[in-house]
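Input: a single structure, listed below in structure tokens.
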Amino acid sequence: MNNEIKYILDELTVIYAFYQDKFSLKRIKSYILSMPEGSKIVKVEEGLIPMYDHNVNLPIGQFNDDTDSVSLLLVTHTMVKERDVAAIASDSKRVADLVNRLISLISPQK
16 MNNEIKYILD ELTVIYAFYQ DKFSLKRIKS YILSMPEGSK IVKVEEGLIP
66 MYDHNVNLPI GQFNDDTDSV SLLLVTHTMV KERDVAAIAS DSKRVADLVN
116 RLISLISPQK
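Residue numbering for the sequence shown follows the numbering used here, beginning at 16 and increasing consecutively.
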């Protein structure tokens with residue numbers, strides 16, 4: 016594994032640990048790093064998701080097929096209530112940037 020990929024995974028691990036999200040990093044590893052033959056995440060964009068009476072900006076993974084898009088950051092009700100929505104949006108943008116960079120590093124070069 017090259018150093019940039021390791022750095023990206025380390026930074027994602029810190030972000031997901033802060034949010035106590037044990038699921039999204041596993042999702043990234045299985046839909047990007049394992050390079051599955053079928054469905055794989057090919058792009059991440061930020062999107063407003065209504066949660067707990069707020070609109071929260073979260074990273075959304077887009078697949079290469081008809082698979083429904085998935086959120087790549089799970090936030091709890093407490094986190095939305097106690098943390099500034101702008102801070103969550105900033106973290107979401109960072110996750111989207113990191114995962115898109117990871118995709119570009121792992122994708123076969125044209």
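Don't be surprised by glycine CBs; every beta carbon is placed ideally from N, CA and C.
Once you ignore the five residues that flank residue i on each side, which residues in its own chain have a CB closer than 6 angstroms to its CB?
i	result
residue 55	46 and 79
residue 92	67
Under a Cβ-count criterion, where at least 16 other Cβ atoms within 10 Å of its own Cβ denotes burial, should residue i be classed as buried or exposed?
i	result
residue 67	exposed
residue 130	In the structure displayed, the chain extends from 16 to 125; residue 130 sits before or after that span and is not available.
Suppose you measure from the CA of residue i to the CA of residue j; what does that come to, to the nearest Å?
i	j	result
residue 63	residue 70	6 angstroms
residue 120	residue 81	24 angstroms
residue 102	residue 74	13 angstroms
residue 72	residue 49	27 angstroms
residue 28	residue 86	16 angstroms
residue 43	residue 18	18 angstroms
residue 60	residue 94	21 angstroms
Ignore the nearest five residues each way along the sequence and tell me which others in residue i's own chain have a CB closer than 7 angstroms to its CB.
i	result
residue 36	88 and 89
residue 20	117 and 120
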